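Asks: One structure follows; several queries about it will come next.
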Amino acid sequence: MADLQAQERHDAHRGFPPTGRSRVVDGLRAYRLIAWMWIRSTMAYRASFAMTVFGNFAGTALDFVAILLMFSRVDELGGYSLGEVAFLYGLSSAAFGLTDLALGSVDRLGQRVRDGTLDTLLVRPAPVLAQVAADRFALRRLGRITQGLLVLGYALVVVDISWTPLKVLMMPVMVVSGAAIFASVFVAGAAFQFVAQDASQVQNSFTYGGTTLLQYPPTVFAKDLVRGVTFVVPLAFVNWVPALYVLDLPYPLDLPEWVAFLPPLVAVVCCALSGVAWRAGLRSYRSTGS
Amino acid sequence: MDTQTDTQKDFGPADDHGDDFIRLDGVEKVFDVRKKTGFMRSERRQVRAVDSISFAVARGEMVGYIGPNGAGKSTTIKMLTGILTPSGGRLRVAGIDPSRERTRLAHRIGVVFGQRTTLWWDLPLIDSYRLMHRMYRIPDARYAENLDRCVELLELAELLDVPVRQLSLGQRMRGDIAAALLHDPEVLYLDEPTIGLDVISKAKVREFLRHLNAEQGTTVLLTTHDLTDIEQLCRRVMVIDHGRLMYDGPLTGLHEIGESERTLVVDLERELPPIEVESARVVKVEGPRQWLAFPAAQSAAPLVARIAAAYPLVDLSVREPDIEAVISRMYAEKATS
Amino acid sequence: MGTWRLYTAVAAGAFRRYATYRVATAAGVFTNTVFGLILAYTYIALWDERPGLGGYDQSQAVTYVWLGQGLLAAVAVMGGGFEDELIERIRTGDIAIDLYRPADLQMWWLAADVGRSAFQLLGRGVVPMAFGGLVFHLALPADAGTWLAFLVAVVLGLLVSFAIRYLVALLAFWFMDGAGVQQLAVLAGLFFSGMTLPLNVFPGALGELARALPWSALLQAPADVLLGERTGFALWRTYAFQAAWAVGLLAVGRMVQSAATRRVVVQGG
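Residue numbers (this note's numbering), protein chains in the order written: chain C, 1 to 290; chain D, 1 to 337; chain W, 1 to 269.
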């Protein structure tokens, strides 16, 4: 009897061949389920939740306050007005905020490898990346997005942009591609932690450091640094390159104009590369177990 | 391409209906370990955590998998669940290669890590079960039936609405076991399921596992440090040490090989010469405290009565033989034979 | 004397413990260097626009950046170190055991924090400073006296930092999940220590306020000492300012601690 039941159950499972599409669907579904559990968990501590929402908003706002303080003493920074800096700042923060909300806790991967809790994710019928991305999903991170969008709104009011339909279209595309570029950095950083479990800080310097860098005009930085974030870790495509096209300002490097429309392509390539890195990292974990 | 033919073959009825629900053929796991040999210098060394292990487990068996820390138990379980990829050999669970089709296998196995809960710390217990319901896509009727059964047998009714952080260790373990069973796994792996539990909780967990195996026909493979788990649950035991399978057979056979002894620790009123008593021998004396070894099969009561009659007794306790002791005796037997 | 040896041992233990996190230290140094680069360039642009801003010349401003990155971990501007552990012990109730130890709770954690700080001053401080010195022209003093005066200011800054973080961690007795309070404390620390922008660049009343708050003892005070802005009487006034906050906040910490202790006793652990 028991044997028959087991056979019957087995048959029921046979109907799920693992295809590429179902993996993505499975991943998104698992992500949604886990994220919802985290939202409910945070609600167990309501007072603290309210404080962290405020904290997240205020914390990111302080970055902008620092810029305001600078402009209380000067009229231009690197040849840019306050409105133009706010434009860069808003785009960078909104894109980064989206990524931070969606998968801001993947930098805890090293911790999970160390304490062995990654194993409990590996025995679930869902892609590990989706489970890791949804880990500690926190609505308080809406604070950063809100703040970024507010600054962007301010910039749109004060900066005199000669709008064309193309430029209007570029705005949402920039935020979404920018978020995808940041996401690839997050995932690649997590993949690196399979190898170096204590190195979450390295990831932070590319993610948090990246968004900080992009909040300032590219003219401020040394040419080599700008080349690095344009050609090596292409963070410049989050906002600098396309945003300067919208602002009609020259990019410090000599690049053709069509480069401004590359962000979606750069995002796709980056995501593909970081996907490969993730798979390599997971494979190495599963062959070494450490 | 290779996978395709493999899968075809493994799904053949002979393989699945046969005795070998779990099958390992010369499975190996080799780790590269880096050892510091000086400043900025390190040496790579290969460690065989699992060294060519072969065994088969039939559907519906309940098997104890024991060995000292670092013997390769967890590594084996991790390969069986698809967490780790074997370095060599062939491994099949229900006809599936775990490391290649991990997520598909996940629907058919249940795993309980004794020292790591998979329950949601800040949420009521029932919420963790609802997540399992949806993540494993368990049909509603099946879920309701399985949950009811687990709640009844594991006595969880009053705990369902309690946040997991407020549960005792024993309650949490029962909760974890239920969580691993809601999707009707054909095999349940338990890694140290009774570690740290009090006597009553241990008894409840064992009773449940016995029932699960007998009534549901679920195959159970458990690792443990507690020989009592094995004695009460498993007819078959596998002993692993240094990555090698040292013994695979009935529990009684293990006793024959490593006939074990229990220890009676006696506190006397004052320092006295070693106690002389029938069927036990003093192995250690420290001030007024003495350690006596006696055969594991023998009851402690008459021995205690005899000592109490002849010596000024203050306190006493009985220590069960541990796995390490049994294994070290196994080695000794092998060396002499 | 016995207790003194105990605390020395605790500090040495903490030093060694942090010294074992090699990868984490290297990763932290990397981050400090990246942020140092970003900030240094923005400050150069700022001082290009307004030479002499806040009384610093450009190389002093850049030195300030690298000093901030070098001290970030040592004076724990963003928290880190013992707080998570202490909060965890409060959450789980293990703190009840600590209260029956023969050592003073506050002194115990202070000793551990001093050990941590000493390691991070070396492990996380030296390399970013050296990197900054290679890439930019830094205004570092040549005389040992200024360096010594700077070290004293760092130690006082650490005491203030510890006192603040200890208070924040103790709040976990009342808010069972301390994350929110901790986060606000980190923000206040980042902003009012002068980590984002030197406090002498803050305009008007905000500047007056920021320079009077305890966080200015963490980075602004040691930086001003090292940059040669505080000598003679001004140096002693800076020390007095830092010491006053340290003593005051440590005393408040003790009061909160005894209130918390009573609470544990009432709860029965």
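Ideal Cβ placement from N, Cα and C applies to all residues, glycine included. Predicted, not measured: the structure shown is a model, and the values here were computed from it.
For residue 22(W), which of 119(W), 146(W), 108(W), 219(W) has the nearest alpha-carbon?
Replies: The shortest Cα separation from residue 22(W) among 119(W), 146(W), 108(W), 219(W) belongs to 119(W).
Asks: For the pair the region 230-245 of chain W and the region 209-220 of chain W, tell me if three or more CB-CB distances fall below 8 angstroms.
Replies: As far as the Cβ criterion goes, the region 230-245 of chain W touches the region 209-220 of chain W, which means the pair count is three or higher.
Asks: Given a threshold of 16 other Cβ atoms within 10 Å of its Cβ, counted over all protein chains shown, does residue 284(D) qualify as buried or as exposed?
Replies: When all chains shown are included, residue 284(D) counts as exposed.
Asks: For residue 83(W), collect the residues of the same chain with a Cβ closer than 6 angstroms to its Cβ; drop the 5 residues on either side in sequence, then sort them by chain order.
Replies: The answer, listed in chain order, is 165, 169.
Asks: Which bits of chain C does residue 135(D) rub up against, with CB to CB less than 9 angstroms?
Replies: By Cβ distance, chain C contributes 29, 30, 33, 34, 124, 125, 126.
Asks: Beta-carbon separation of residue 77(C) and residue 45(W) under 9 angstroms?
Replies: Result yes, Cβ atoms of residue 77(C) and residue 45(W) sit closer than 9 angstroms.
Asks: Rounded to a whole number of angstroms, what is the C-alpha to C-alpha distance between residue 132(C) and residue 109(C)?
Replies: Each residue's Cα considered, the two are about 7 angstroms apart.
Asks: What does a CB cutoff of less than 8 angstroms around residue 175(C) pick up in its chain, not counting 5 residues either side in sequence?
Replies: So the list reads 91, 94, 95, 98, once near-sequence residues are dropped.
Asks: Between the C-alpha atoms of residue 163(W) and residue 211(W), what's the straight-line distance to the nearest angstrom?
Replies: One C-alpha to the other measures close to 18 angstroms.
Asks: Note down, in chain order, every chain W residue with its Cβ under 9 angstroms from the Cβ of residue 216(C).
Replies: Under the 9 angstroms cutoff, chain W gives 38, 41, 42, 45.
Asks: Buried or exposed, going by whether 16 or more other CB atoms sit within 10 Å of the CB of residue 67(D)?
Replies: Residue 67(D) comes out buried.
Asks: Which of helix, strand or coil does DSSP assign to residue 247(D)?
Replies: Reduced to three states, the DSSP call for residue 247(D) is strand.
Asks: What is the DSSP secondary structure of residue 113(D), counted as helix, strand or coil?
Replies: Residue state, collapsed to three classes: strand.
Asks: Of the residues 32(C), 282(C), 61(C), 85(C), which one's Cα is nearest the Cα of residue 194(C)?
Replies: Answer by Cα proximity: 282(C).
Asks: Expressed to the nearest angstrom, what Euclidean distance is found between the alpha-carbon atoms of residue 49(C) and residue 140(C)?
Replies: So the two alpha carbons sit approximately 7 angstroms from each other.
Asks: Looking at the secondary structure, which residues open and close the beta strand (DSSP E) in which residue 290(D) lies?
Replies: Note, residue 290(D): beta strand (DSSP E), 289-295.
Asks: Who does residue 351(D) pair with in a DSSP beta bridge?
Replies: Nothing about residue 351(D) can be reported from this structure: the residues present for chain D run from 1 to 337 only.
Asks: Span of the alpha helix (DSSP H) holding residue 53(C)?
Replies: Here the alpha helix (DSSP H) through residue 53(C) covers 46-73.
Asks: Around the Cβ of residue 128(W), are there at least 16 other Cβ atoms within 10 angstroms (buried) or fewer (exposed)?
Replies: So residue 128(W) ends up on the buried side.
Asks: Do you know offhand how far residue 248(D)'s Cα is from residue 219(D)'s?
Replies: Computed Cα separation, rounded: 17 angstroms.
Asks: Mind checking whether residue 199(W) and residue 189(W) have CB atoms under 9 angstroms apart?
Replies: No, the Cβ-Cβ distance between residue 199(W) and residue 189(W) is not below 9 angstroms.
Asks: With DSSP as the reference, label residue 171(C) as helix, strand or coil.
Replies: In this structure, residue 171(C) counts as helix in the three-state DSSP scheme.
Asks: From the beta carbon of residue 40(C), is the nearest beta carbon of chain D less than 9 angstroms away?
Replies: Cβ-Cβ to chain D under 9 angstroms: yes for residue 40(C).
Asks: Is there a Cβ from chain C that is less than 9 angstroms from the Cβ of residue 206(D)?
Replies: It does not: the Cβ of residue 206(D) has no partner Cβ on chain C nearer than 9 angstroms.
Asks: Put residue 28(D) into one of helix, strand or coil per three-state DSSP.
Replies: Strand.
Asks: Going by beta carbon distance, what residues of the same chain come within less than 7 angstroms of residue 213(W), once the five residues before and after it are set aside?
Replies: 192, listed in sequence order.
Asks: I need the straight-line Cα distance from residue 290(D) to residue 264(D), nearest angstrom please.
Replies: When rounded, the distance between both Cα atoms is 8 angstroms.
Asks: With 16 as the cutoff for other CB atoms within 10 Å, does residue 169(C) come out buried or exposed?
Replies: Residue 169(C) is exposed by the Cβ-count criterion.
Asks: Are the C-beta of residue 266(D) and some C-beta of chain C separated by less than 9 angstroms?
Replies: False, the Cβ-Cβ gap to chain C never drops below 9 angstroms.
Asks: Quick one: which residues of the region 42-70 of chain C get their C-beta closer than 7 angstroms to a C-beta of chain D? List them in chain order.
Replies: Cβ contacts with chain D: 44.
Asks: I'd like the span of the alpha helix (DSSP H) that includes residue 195(W), first residue to last.
Replies: Note, residue 195(W): premise wrong, no alpha helix (DSSP H); not H, not E.
Asks: Is the shortest distance between the beta-carbon of residue 52(D) and the beta-carbons of chain C less than 9 angstroms?
Replies: Taking Cβ atoms only, chain C never reaches closer than 9 angstroms to residue 52(D), which makes this a no.
Asks: If you draw a straight line from the alpha carbon of residue 94(W) to that of residue 257(W), how long is it in whole angstroms?
Replies: Residue 94(W) and residue 257(W): Cα-Cα distance of roughly 15 angstroms.
Asks: Note down, in chain order, every chain D residue with its Cβ under 7 angstroms from the Cβ of residue 117(C).
Replies: By Cβ distance, chain D contributes 116.
Asks: Strictly below 7 angstroms CB to CB, what residues from chain W border residue 257(C)?
Replies: Result: empty, since nearest Cβ-Cβ is about 26 angstroms, beyond 7 angstroms.
Asks: Taking the straight line between their C-alpha atoms, what separation do you get for residue 100(D) and residue 110(D)?
Replies: Rounded to whole angstroms, residue 100(D) to residue 110(D) spans 18 angstroms at the Cα level.
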